[in-house]
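For what it's worth, the numbering used here labels the leading residue of the sequence shown as 2, then goes sequentially.
Beta carbons are placed, not taken as given, at the ideal position from N, Cα and C, and that holds for glycine.
It should be emphasised that the depicted structure is a prediction, and the values quoted were computed from it without experimental measurement.
Here is the structure we will look at, set down as C-alpha cells.
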Amino acid sequence: MEPSASGPVPQYLIGTASWTDPTLVKSDTFYPSSLRTAEQRLRFYASQFNAVEVDASYYTLLSEKNSQLWAERTPPGFIFDVKAFALLTQHATEVARLPLNLKAMLTRQERAQRRLERPSQEVLETAFQMFHSSLTPLRAAGKLGMLVFQFPPYFTCRPSNFAYLESLQTRLPGDSIAIEFRHPSWVAEGRQRRESLEFLRSKGLCYVSVDEPQLPGTLPPLLETTAPEVYIRFHGRNREAWHARRLTVAERYKYLYSERELAEWAERIRGLTGISRAHVIFNNCYRNFGVMNATTMRAMLERNA
C-alpha cells in the first residue's frame, strides 16, 4: 500500500540509466558538440542531474580506477546507482567479458562456451568480492547509491531464490540493495504479493518499482516502500517492441512519456512518506528521450516539494 502524504520530503535523485548511450551522444540533442571525451560528458551530465544509473557494470566487472575517476569528476552529493554484474543476477554471462582471474577458475569446457550459465561457488563468490571491491572509491566518497539487482524473467518466486536474495546482504555488507523482479510470480495479487514485499522489508531490501508496458509476463506499476529508500525505473511503454525480436536495446525502450503520464507518477512519488531518498531513473534510453523525461520529472517534483 502506498503511504499517505505527510512528514518530511525525501531527497529526489533523478537521472537516466546511462550517460554514455550511443544514441544520446550521436543525437547532438543533449551534450554540447564541443564535448568529445568521456570525462567531459560525465562532468556535463552531472551538472544537469544529481544521479545516474551505471549500466556498464552489468556487462563487465569494472575496476576501482573507474570508480575513482567517476568520483573525481562529479560534484559533492552526486550519486551513482550501480547495476549488479550479470553473473550475480543469475544471467548467462559472456565468457569473453570475464576478467582473467575468473576465466582461470573455469573448467576447459566452460572456457570453450560462449556463455557461462551456472558458475561454481568459487567463481560466484570471487565475482561478488570483485564487484564489491570495485565500488570502494564511490563508497568512500559518499557517492555510491543503490546496487540494482535486475533478475531475469526465469528468476521465479521459489524458496531457493528467496534464499539467494537473503544472501545478498552478507555478500555485500553495508551496501543498499534494490531488487527488480521480472517475473510476475513475485507480485501476484493477493497473498504472494504480501509475502514477497514483507520478505523484502524484513531483510531491508528495496523493491524496484517499474513502469513498463502492461503485457502478459510484465509487472504492474506498483509503488511500494520496503526499505528506507525507494527506487523507480521507467522502461517506457513501447508495447509493440517489448517482446519483438532482433531489435536493439534502444529500439525496445524507444518511448517518450507524456506530461500526463509523468504527472501521474509525480503525484504518487510525492505521496511517499517515511523514506529518506527516492531514486527516479529513466531507462527509456533512445536519443534524448530519457533526459527529456528526467528533466520534466525533476521540475514536477521540485515544483511541489
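Cβ-Cβ distance between residue i and residue j below 8 Å
{"i": "Arg234", "j": "Ile282", "result": "yes"}
{"i": "Gly175", "j": "Asp82", "result": "no"}
{"i": "Lys27", "j": "Thr75", "result": "no"}
{"i": "Thr61", "j": "Arg109", "result": "no"}
{"i": "Leu216", "j": "Val188", "result": "no"}
{"i": "Arg288", "j": "Leu101", "result": "no"}
{"i": "Leu273", "j": "Ala279", "result": "yes"}
{"i": "Pro153", "j": "Thr90", "result": "yes"}
{"i": "Val124", "j": "Leu148", "result": "no"}
{"i": "Ile15", "j": "Ala57", "result": "no"}
{"i": "Ser186", "j": "Gln193", "result": "yes"}
{"i": "Pro120", "j": "Gln69", "result": "no"}
{"i": "Ala93", "j": "Glu118", "result": "yes"}
{"i": "Cys286", "j": "Thr17", "result": "yes"}
{"i": "Leu224", "j": "Arg269", "result": "yes"}
Rounded Cβ spacing between residue i and residue j (contact assumed at less than 8 Å)
{"i": "Ala39", "j": "Thr21", "result": "7 Å"}
{"i": "Ile276", "j": "Val231", "result": "6 Å"}
{"i": "Thr297", "j": "Glu262", "result": "With 8 Å as the limit, Thr297 and Glu262 do not qualify as a contact, their Cβ atoms being about 10 Å apart."}
{"i": "Leu36", "j": "Phe45", "result": "6 Å"}
{"i": "Gln151", "j": "Lys255", "result": "Their Cβ separation, rounded to whole angstroms, is 19 Å, which puts Gln151 and Lys255 out of contact at 8 Å."}
{"i": "Tyr258", "j": "Asn284", "result": "With 8 Å as the limit, Tyr258 and Asn284 do not qualify as a contact, their Cβ atoms being about 11 Å apart."}
{"i": "Phe200", "j": "Phe156", "result": "Between Phe156 and Phe200 the Cβ distance is about 14 Å, and since that is not below 8 Å, they are no contact."}
{"i": "Arg240", "j": "Pro214", "result": "4 Å"}
{"i": "Leu103", "j": "Ala128", "result": "6 Å"}
{"i": "Ser134", "j": "Glu65", "result": "7 Å"}
{"i": "Thr171", "j": "Leu198", "result": "Actually they do not touch by this definition, with Cβ atoms about 21 Å apart."}
Extent of the continuous alpha helix (DSSP H) run through residue i
{"i": "Thr127", "result": "Gln122 to Ser135"}
{"i": "Ala37", "result": "What sits at residue 37 in the sequence shown is Arg, not Ala. Segment: none, Arg37 is in no alpha helix (DSSP H) and carries neither H nor E."}
{"i": "Val250", "result": "Val250 to Arg253"}
{"i": "Phe163", "result": "Pro160 to Arg172"}
{"i": "Val292", "result": "Phe290 to Arg304"}
{"i": "Gln193", "result": "Arg192 to Lys204"}
{"i": "Leu263", "result": "Glu260 to Arg271"}
Delimiting residues of the beta strand (DSSP E) encompassing residue i
{"i": "Val231", "result": "Glu230 to Phe235"}
{"i": "Tyr208", "result": "Cys207 to Asp212"}
{"i": "Met147", "result": "Leu145 to Gln151"}
{"i": "Val55", "result": "Ala52 to Val55"}
{"i": "Phe81", "result": "Ile80 to Lys84"}
Reduced DSSP secondary structure (H/G/I, E/B, other) of residue i
{"i": "Thr17", "result": "strand"}
{"i": "Glu3", "result": "Summary for Glu3: the model assigns pLDDT 47, below 50, so the residue's position carries little reliability; its value from the coordinates is reported in the next sentence. In this structure, Glu3 counts as coil in the three-state DSSP scheme."}
{"i": "Ala279", "result": "strand"}
{"i": "Thr90", "result": "helix"}
{"i": "Ala105", "result": "coil"}
{"i": "Gln69", "result": "helix"}
{"i": "Ser177", "result": "strand"}
{"i": "Gln110", "result": "helix"}
{"i": "Leu25", "result": "helix"}
{"i": "Leu117", "result": "strand"}
{"i": "Gln41", "result": "helix"}
{"i": "Glu241", "result": "helix"}
{"i": "Gln12", "result": "strand"}
Exposure of residue i, with buried meaning 16 or more beta-carbon neighbours within 10 Å
{"i": "Thr30", "result": "exposed"}
{"i": "Arg115", "result": "exposed"}
{"i": "Ala6", "result": "Its pLDDT being 46, under 50, Ala6 is placed unreliably by the model, and the measurement read from it follows with that caveat. Exposed."}
{"i": "Ser168", "result": "exposed"}
{"i": "Gln122", "result": "exposed"}
{"i": "Met236", "result": "Sequence check: residue 236 is His here, not Met. Classification for His236: buried."}
{"i": "Arg299", "result": "buried"}
{"i": "Arg42", "result": "buried"}
{"i": "Tyr13", "result": "buried"}
{"i": "Gly291", "result": "buried"}
{"i": "His244", "result": "exposed"}
{"i": "Glu181", "result": "buried"}
{"i": "Ala267", "result": "buried"}
{"i": "Arg112", "result": "exposed"}
{"i": "Arg195", "result": "exposed"}
{"i": "Glu54", "result": "buried"}
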